[in-house]
Amino acid sequence: MSSGIKGEEVGPHLFHIRPPPSSLSASNFRVKECHNFLGNSLPLEFRPSFSAEGINSRTTAVLGVLDILHCCDCELYNSKIKSVERLKKLKSEHGKVQLGNITVDMVLGGMRGMTGLLWETSLLDAEEGIRFRNLSIPECQKKLPAAKPGGEPLPEGLLWLLLTGKVPNKEQVDALSKELRSRATVPDHVYKAIDALPVSAHPMTQFAMGVMALQVKKSQNPRTEDSSAFRYWEPTYEDSLSLIAQLPIVAAYVYRRIYKNGQVIPKDDSLDYGGNFAHMLGFDSPDMKELMRLYVTIHTDHEGGNVSAHTGHLVASALSDPYLSFAAALNGLAGPLHGLANQEVLLWIKSVVEECGENITTDQLKDYVWKTLNSGKVVPGFGHGVLRNTDPRYLCQREFALKHLPDDPLFQLVSKLFEVVPPILTELGKVKNPWPNVDAHSGVLLNHYGLTEARYYTVLFGVSRSIGICSQLIWDRALGLPLERPKSVTMEWLENYCKKSA
Ligand SMILES: CC(C)(COP(=O)(O)OP(=O)(O)OC[C@H]1O[C@@H](n2cnc3c(N)ncnc32)[C@H](O)[C@@H]1OP(=O)(O)O)[C@@H](O)C(=O)NCCC(=O)NCCS
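Going by the working numbering, the residue at position 293 of the sequence shown is 317; the numbering climbs one at a time, nothing skipped.
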């Protein structure tokens, strides 16, 4: 029997061909674990055969180079096998079960309340808010590894959680950080593509342009290489990790280009993902790094139906790669009713201060809110398409502010808005959720640490969103989800249908 397996046989995600980590010798490494994994988990067609000799030589040659990150791949892989079975069972046993009635209101109302997407990485409850793989934000803050004791969770930990459904330990998160660092290089043509735009172009336009340019280096459409659905998730996984790794560099480049005369700050490989992002933007205070870790963690994912997530998922369903899919998602995020709201909030808050001063009274603030509404505008940072309560992402940022910047005048204004705005929106009578959302808070925190350029804020949101969207894209392909193609109808069709069913 030959050991006869090559990295390519089961895909690059299983064999990270790198120098062996010094702490792992070939002999102490989890030969059994890998044997079990490779021998038992793979579908028959991909199962290798082993001999003791084979294992030993492979341990040296291949298994020895797997480091702890391998666990992420294994978890993901094992979980994929089980999930594909679950999906098949769901389809065959319950495919005809109705999930609800579609009404004309839903068709005309942006598909609100229509259950129409499979999204494994997170689930939103209207009252409680988001759960990432069944963990609430406070639970993530408690359970996910942090850069320092009692600190904010590391976004890499959330990535691991979203990918595998399991809470990683610190060692695993450090390995994932390292893996991302190893992929964090951006080709020159990406900077040139961004530089071709006027520096006055919106930061989101420059950022999305950078993402499109990153795609250029990408090679082939995998379908032309291998049409096996089983393998399809592998290039998605590879691209996704690389894209997530590259984004902070592109985002920081856009920031430094627009606001800091193009003086770029190189990455610092001693730092974690969030800490390094803050560093490349030009913010090295420990508190700003903590804020960035929290910010990136909580903005990652908000189930599948929001504009950016749904767009990414839709575009990827055409088997467009993660770069193309995520660039499309970013363009959705750039809308003022979605991601751009964080920019609008800070600009609006600053306009309040400009007009009424920092020591604005409650009555003055109420007048200002009414003035905004009466001019036909929305109050940015309040309301939500699904949530019907205060967003837990708002609450954890409020906790952060209470801990680190309780006396900041803009934070105090945000706190006052928390009291003043909901009763007014309720009084309007039509707003389904008068409570603040994530965007109502993020700007004042960033502003406090010197990141004052509100127009840039949605780019930060975009970097974070890649973690959620890409995690799900990997699952979309792992589960072999099909091309999305809902049915549309004309008004005439609806009118006739309603007449007939009256
Ligand atoms: C998020 C948002 C787009 C959700 O829209 P939605 O699902 O249509 O919300 P609703 O069903 O509650 O909207 C019902 C009505 O209330 C209005 N409304 C909702 N939120 C409002 C707000 N913050 N200020 C004023 N009016 C608001 C809507 O514009 C709509 O008015 P219309 O019937 O005259 O068109 C909306 O709440 C909004 O515009 N908020 C401000 C922007 C924002 O913070 N976006 C970030 C979201 S995370």
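Think of the CB as a built atom: it goes at the ideal place given N, C-alpha and C, for glycine as much as any other residue.
Residue closest to residue i, alpha-carbon to alpha-carbon, out of the options
i, options, result
"VAL369", "LEU437, PRO222, MET135 and GLU443", "LEU437"
"GLY140", "ARG509, GLU516 and GLU519", "ARG509"
"GLU423", "GLY175, LEU200, LEU507 and ILE218", "GLY175"
"ASP198", "GLY189, LEU178 and ALA217", "LEU178"
"GLU109", "GLU519, GLY407, LEU221 and ALA502", "ALA502"
"TYR277", "TYR215, ALA220, VAL240 and TRP257", "TYR215"
"GLY486", "LEU426, GLY359, MET312 and MET515", "GLY359"
"VAL191", "LEU168, VAL240, LYS120 and LEU505", "LEU168"
"ASN125", "ARG136, ARG317 and HIS118", "ARG136"
"SER332", "PHE350, CYS380 and ILE322", "PHE350"
"PRO162", "VAL377, LEU364 and ILE322", "ILE322"
"TRP372", "TYR418, HIS226, LEU434 and ALA150", "LEU434"
"VAL121", "LYS113, THR127 and VAL128", "LYS113"
"VAL445", "THR386, GLY299 and GLY400", "THR386"
"ASP219", "SER525, THR209 and GLN230", "GLN230"
"MET236", "PRO430, VAL210 and ASP97", "VAL210"
"GLY181", "PRO173, GLN196 and LYS172", "GLN196"
"GLY329", "THR127, GLY134, GLY119 and GLU451", "GLY134"
"TYR521", "ILE105, VAL128, HIS118 and SER107", "VAL128"
"GLU258", "ASP97, THR476, LEU452 and SER490", "ASP97"
Residue i: CB within 8 angstroms of a non-hydrogen atom of ligand 1
i, result
"PHE156", "no"
"VAL403", "yes"
"ARG489", "no"
"PHE406", "yes"
"GLU368", "yes"
"GLY134", "yes"
"ASN461", "yes"
"VAL455", "yes"
"HIS303", "no"
"LEU185", "no"
"ALA365", "yes"
"SER137", "Here the sequence assigns Gly to residue 137, which means Ser is not the residue at that position. Result no, Cβ not under 8 angstroms from ligand 1."
"GLY124", "no"
"ALA464", "yes"
"LEU178", "no"
"GLY486", "no"
"GLY153", "no"
"GLY329", "no"
"GLY409", "yes"
"LEU452", "yes"
"LEU371", "no"
"LEU449", "yes"
"LEU429", "no"
"LEU397", "yes"
Per DSSP, cross-strand counterpart(s) of residue i
i, result
"ALA552", "Limits of the chain in this structure are 25 at one end and 526 at the other, which puts residue 552 out of reach."
"GLY153", "ASP149"
"SER160", "ARG155"
"GLN460", "According to the sequence displayed, residue 460 carries Pro and not Gln. According to DSSP, which records beta bridges pairwise, PRO460 is partnered with PHE406."
Whether residue i touches residue j by CB criterion (9 angstroms)
i, j, result
"SER206", "ALA269", "yes"
"VAL410", "VAL403", "no"
"LEU271", "ILE498", "no"
"ASN471", "ALA478", "yes"
"TYR481", "GLN367", "yes"
"SER266", "SER495", "no"
"LEU315", "HIS428", "yes"
"PRO460", "LEU441", "yes"
"VAL320", "TYR297", "yes"
"SER344", "ASP500", "no"
"THR145", "GLY492", "yes"
"GLY336", "MET228", "no"
"ILE154", "ASP325", "yes"
"ALA170", "GLY234", "no"
"MET304", "ASP293", "no"
"LEU159", "LEU132", "no"
"ASN398", "GLU151", "no"
"GLY474", "PHE307", "yes"
"ALA352", "LEU361", "no"
"ILE282", "VAL223", "yes"
"HIS213", "LYS194", "no"
"TYR261", "LEU505", "no"
"CYS420", "LEU318", "yes"
"ARG489", "LEU354", "yes"
"LEU484", "ALA425", "no"
"GLU327", "LEU452", "no"
Residue i: CB within 8 angstroms of a non-hydrogen atom of ligand 2
i, result
"HIS362", "Ligand 2 is absent from the structure shown, which contains only ligand 1."
Quiz prompt | Start-end ranges of the beta strand (DSSP E) lying completely within the region 103-134, minimum 3 residues | solution = none
Quiz item: In the region 470-512, which residue ranges form an unbroken beta strand (DSSP E) of at least 3 residues, counting only runs that do not cross its ends?
Solution: none
Practice problem: Please specify which runs of the alpha helix (DSSP H), each continuous and at least 4 residues long, are wholly inside the region 259-317, giving them in chain order. | Solution: 297-305
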